[in-house]
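My numbering applies: residue 904 is where the sequence shown begins, and numbers increase by one. Think of the CB as a built atom: it goes at the ideal place given N, C-alpha and C, for glycine as much as any other residue. Single-structure report; data block below.
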Amino acid sequence: MPGNDPGSALGLPPDAARDVPRVPPPDPGPDAAPPQVPAPEESRPEPLAAAASHPDLAEVTDRQLSRGHGPIFDVVMDRRALTSEDILGETRWPEAMADMLWRGVRCFTTTPHMNPPVLVTLTLYGVSPKAISLERQALASMLIAQGSAAVSNTRQYDDVHRTAVQLQEAVEARAVVDQAKGILMHALGCDADEAFAELRRISQTRHVKLTALAQRIVGHQGLP
């Protein structure tokens, strides 16, 4: 391209321009600013639940969650606490800071606590700058540890209960199928394998689930 030809830039004719050495662009060096290439959007985890001690604070949290970015999300992504002693001088989250200022908040600290598979964040707010002391932050850490443990235990209980229900359903289904096999063995004069094969054949040809077919046979409703 002419814009990249040093000879053309000097006003030389084409033949003379070919003799002008082409100098590569200078190395910007390690201190140069990187090119502004948009980074791919990071996948952010969806919050399971949110709670607040005051309706105004609940609205601050809800607006932040609806936007999908703010101090809560940064704490979750980086797994470290974030604090702003005076949000009037805070520049990292302008939208979230405007929401807080509108509701009388002047400082906050958000801390994470991981209790696999649950990550809980706790945010303390203050109505004056530097109102959140180290003692209050220590209390917050204790509360968040207890809260995350409770949530984790609840989820583990739900998982165990769900598995137990599935196992119970599988056992009951197996019992019904065994009863249906026994009925077919008696009616057809065949063994257990042949009875099961016949059940499966009927299930496939009539597009009926095997368990539902067995329940009909056991319930004396006949074949569908």
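Per DSSP, cross-strand counterpart(s) of residue i
i: F1011; result: S987 and Y1028
i: L1022; result: M1017
DSSP three-state assignment for residue i, whether helix, strand or coil
i: H1089; result: helix
i: T994; result: coil
i: I1035; result: coil
i: V963; result: helix
i: A1073; result: helix
i: E1097; result: helix
i: S1106; result: helix
i: P950; result: coil
i: V1111; result: coil
i: R982; result: coil
Residues near residue i by beta carbon distance below 8 angstroms, same chain, minus five either side
i: S1031; result: R1009 and C1010
i: T1012; result: A984, L985, T986, S987, T1026, L1027, I1035, Q1040 and A1043
Neighbourhood of residue i by C-beta distance below 7 angstroms, restricted to the same chain and skipping five residues each side
i: L1046; result: L1025
i: A1095; result: K1084 and M1088
Nearest-angstrom Cα separation, counted from residue j out to residue i
i: Q1049; j: G992; result: 33 angstroms
i: R983; j: P1020; result: 17 angstroms
i: R1006; j: H957; result: 11 angstroms
i: G971; j: Q1118; result: 49 angstroms
i: V1068; j: T1057; result: 16 angstroms
i: T1108; j: C1093; result: 20 angstroms
i: D965; j: A1053; result: 23 angstroms
i: V963; j: V1023; result: 17 angstroms
Close Cβ partners of residue i (< 6 angstroms) along its chain, the five nearest in sequence each way excluded
i: Q967; result: G973, I975 and A999
i: A1098; result: K1084, L1087 and M1088
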